[in-house]
Amino acid sequence: MNDIAQGTIDAFRLIFTLDPDLLEVVGLSLRVTVTAVLIASLIGLPLGAWLVINRFRFRRQTIAVLNALMGLPPVVVGLFVYMMLSRSGPFGVFGLLFTPTAMIIAQVIIITPLIASISHQTIRDLWAEYHDLLISLNTSRWQRITALLWDGRRALLTAMLAGFGRAIGEVGAIMIVGGNIDHSTRVLTTSIALETGKGNFAFAMGLGFVLITLAVTINLLMHSLSRTERASVW
Amino acid sequence: MTHSILPLTLDGAIARVRGKTLVGPVDLQIGETGLTIVMGPNGSGKTTLLRLMHGLQRVSGGRVEWAVPDGMARGRQSYVFQSPIMMRRKVVDNIAYPLILHGVPRRQARSTAAEWAARFGLGDALDRPAPYLSGGEKQKLALARALIRQPEILFLDEPCANLDGRAIREIETILQQAQADGTRIVMATHDMGQARRLATDVVFMYGGKVHETAPAPDFFKQPTTAEARAFINGDIVE
Chain X
322 MNDIAQGTID AFRLIFTLDP DLLEVVGLSL RVTVTAVLIA SLIGLPLGAW LVINRFRFRR
382 QTIAVLNALM GLPPVVVGLF VYMMLSRSGP FGVFGLLFTP TAMIIAQVII ITPLIASISH
442 QTIRDLWAEY HDLLISLNTS RWQRITALLW DGRRALLTAM LAGFGRAIGE VGAIMIVGGN
502 IDHSTRVLTT SIALETGKGN FAFAMGLGFV LITLAVTINL LMHSLSRTER ASVW
Chain R
8 MTHSILPLTL DGAIARVRGK TLVGPVDLQI GETGLTIVMG PNGSGKTTLL RLMHGLQRVS
68 GGRVEWAVPD GMARGRQSYV FQSPIMMRRK VVDNIAYPLI LHGVPRRQAR STAAEWAARF
128 GLGDALDRPA PYLSGGEKQK LALARALIRQ PEILFLDEPC ANLDGRAIRE IETILQQAQA
188 DGTRIVMATH DMGQARRLAT DVVFMYGGKV HETAPAPDFF KQPTTAEARA FINGDIVE
């Protein structure tokens with residue numbers, strides 16, 4: 322109980338004194354996760370839409386695999402990316418291991434299936450509604466995808482936020498490929514793991530509060546910016 | 008002057024879904040002028056016939072042919088659905104969408120769309136989200152969106168179902184204007200009064216087949232088949 326109280330105090334102290342180490346860690350967390358969400362969205366959203374409007378032989382299986390990949394274990398992804406990027410791996414020459422870029426790559430792999438799968442489900446409903454009109458208007462495949470993504474943008478935000486939530490709280494993969502190096506690849510989650518290991522429970526709790534506050538704030542911010550839950554929603 | 012896409016010729020055309028024949032075989036020609044009304048009881052295949060002509064329904068047998076190659080004909084026709092499909096956009100963006108698809112710059116498309124909206128009595132609703140319009144307004148939007156590309160032929164599937172007097176009159180005025188401007192119209196309707204007011208010729212569907220075709224005055228005065236006669240008299244035809 323004492324640790325929780327102390328953690329809360331520590332969290333406030335860290336936030337209100339604008340502790341430079343904390344800001345650095347928060348900054349890197351955001352940079353890595355936001356970049357990963359943007360890249361994963363660029364891949365996942367069109368992929369979700371593409372799977373909706375195309376009929377091909379292994380479509381059902383592809384979608385089933387995509388859904389299954391939502392539960393991809395981050396540690397395994399971390400291991401995979403590690404092997405790819407390590408000196409002896411196929412992409413070793415780029416020297417990316419233990420850099421923020423490696424962390425972004427790992428997170429993109431983890432959240433792309435999530436974003437693609439949620440957007441696929443959202444867009445499927447919209448496609449059922451638009452199908453006849455878009456066929457009648459003689460649209461190209463690409464025009465259909467853009468129309469569906471644009472008109473479904475509010476619902477697709479949920480997919481992106483789900484990806485953000487998974488990525489910002491993720492620790493297994495980025496610990497392996499980032500290495501939790503101070504001032505270089507240390508982010509909130511890896512710090513928490515480290516401080517807990519060192520027995521600094523109060524400090525770890527403080528960081529935990531910061532992480533949760535950050536995730537909630539970003540979500541609220543996106544919702545208010547996109548004006549979901551307001552009048553004339555669709 | 009580019010070659011007209013009409014006449015449209017159906018030669019033994021069949022629409023089959025999962026082994027069940029919905030329409031056909033149908034032999035029919037849609038000539039270059041006029042307003043064809045497709046009539047018939049529920050389930051007689053009116054909608055499927057229109058979808059078959061427009062290319063929304065796969066042709067399972069026979070031929071559906073325009074006077075020009077299919078690829079050229081596709082972009083020069085429009086279709087208005089029984090329950091209008093509203094894109095989740097503003098009214099003006101809904102109407103502008105077909106123009107934007109054709110590469111018209113967004114600003115120009117919007118100003119053209121605003122003109123069309125005004126002409127269709129939607130001038131005050133430009134910035135409203137289309138899904139929140141009333142039934143009559145939605146159908147007018149669908150008509151404006153269908154006509155903005157000035158198609159050579161317009162298909163309508165019971166556009167006035169669920170609408171009442173004033174909205175029906177507005178839509179009929181729009182259709183007559185479009186016809187006067189040279190748009191060929193093929194329309195399915197249940198409404199005998201509407202058919203009498205608008206039709207130049209009639210296609211009577213029964214049991215998935217074209218049962219009778221005739222110029223409108225002849226059809227309404229003395230239909231040749233018993234089913235058409237019963238239908239016109241307001242008897243229940245199954």
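One line per chain: the protein sequences are X and R, in this order.
The numbering used here applies: residue 322 is where the first sequence begins, and numbers increase by one.
The numbering used here applies: residue 8 is where the second sequence begins, and numbers increase by one.
For each residue, glycine too, the CB sits at the ideal point set by N, CA and C.
Keep in mind that this is a model prediction, so the values were computed, not measured.
For residue i, report the span of its alpha helix (DSSP H) as first-last.
i: ASP324(X); result: 323-337
i: VAL492(X); result: Per DSSP, VAL492(X) belongs to no alpha helix (DSSP H) and is neither H nor E.
i: PHE379(X); result: Segment: none, PHE379(X) is in no alpha helix (DSSP H) and carries neither H nor E.
i: VAL402(X); result: 395-406
i: GLN146(R); result: 142-154
i: VAL414(X); result: It is not in any alpha helix (DSSP H) - VAL414(X) carries neither H nor E in the DSSP assignment.
i: LEU349(X); result: 341-374
i: ILE243(R); result: No alpha helix (DSSP H) holds ILE243(R); DSSP gives it neither H nor E.
Does residue i come within less than 8 Å of chain R when only Cβ atoms are used?
i: SER505(X); result: no
i: ASP342(X); result: no
i: ASP472(X); result: yes
i: ASN521(X); result: no
i: ASP453(X); result: yes
i: SER547(X); result: no
i: ARG551(X); result: Annotation note: pLDDT 49 at ARG551(X) (below 50); position unreliable, coordinate value reported separately. No, its Cβ sits nowhere closer than 8 Å to a Cβ of chain R.
i: LEU458(X); result: yes
i: GLN464(X); result: yes
i: GLU450(X); result: yes
Grab the span of the beta strand (DSSP E) containing residue i for me, first residue to last.
i: ILE160(R); result: 160-164
i: MET94(R); result: Unbroken run through MET94(R): none, as it is neither H nor E.
i: ARG191(R); result: 191-195
Per DSSP, residue i forms a beta bridge with which residues?
i: ASP208(R); result: THR43(R), PRO222(R)
i: LEU17(R); result: LEU35(R), VAL71(R)
i: THR28(R); result: ARG23(R)
i: PRO105(R); result: DSSP, once it has assigned bridges, lists no residue as partnering PRO105(R).
i: VAL217(R); result: MET212(R)
Is DSSP giving residue i helix, strand or coil here?
i: ILE178(R); result: helix
i: THR420(X); result: coil
i: THR506(X); result: coil
i: ARG551(X); result: Because the pLDDT of ARG551(X) is 49, which lies under 50, any placement of that residue in the model is unreliable, and the question is left without a value.
i: PRO136(R); result: strand
i: VAL111(R); result: coil
i: THR556(X); result: Past the boundaries of the shown model lies residue 556(X); chain X is included only from 322 to 555, so the question cannot be answered.
i: ASN169(R); result: coil
i: MET391(X); result: coil
i: ILE12(R); result: coil
i: THR232(R); result: coil
i: ILE431(X); result: helix
i: GLY500(X); result: coil
i: ASP100(R); result: helix
i: LEU129(R); result: coil
i: ASP198(R); result: coil
i: ASN521(X); result: coil
i: GLY473(X); result: coil
At a Cβ threshold of 8 Å, is residue i touching chain X?
i: PRO105(R); result: yes
i: GLY82(R); result: yes
i: MET194(R); result: no
i: PHE88(R); result: yes
i: MET79(R); result: no
i: ARG113(R); result: no
i: LEU63(R); result: yes
i: MET60(R); result: no
i: LEU148(R); result: no
i: GLY108(R); result: The identity of residue 108(R) in the sequence shown is Leu, whereas the question assumes Gly. Yes, LEU108(R) counts as interfacial toward chain X.
i: ILE92(R); result: yes
i: ARG117(R); result: no
i: ARG173(R); result: no
i: MET8(R); result: Note that MET8(R) scores a pLDDT of 49, beneath 50, so its modelled location is shaky and nothing firm can be said.
i: ARG95(R); result: yes
**Item:** Ordered list of beta strand (DSSP E) runs contained in the segment 32-86 of chain R, each at least 3 residues
**Value:** Within the segment 32-86 of chain R, the complete beta strand (DSSP E) runs of at least 3 residues are 42-46, 68-72.
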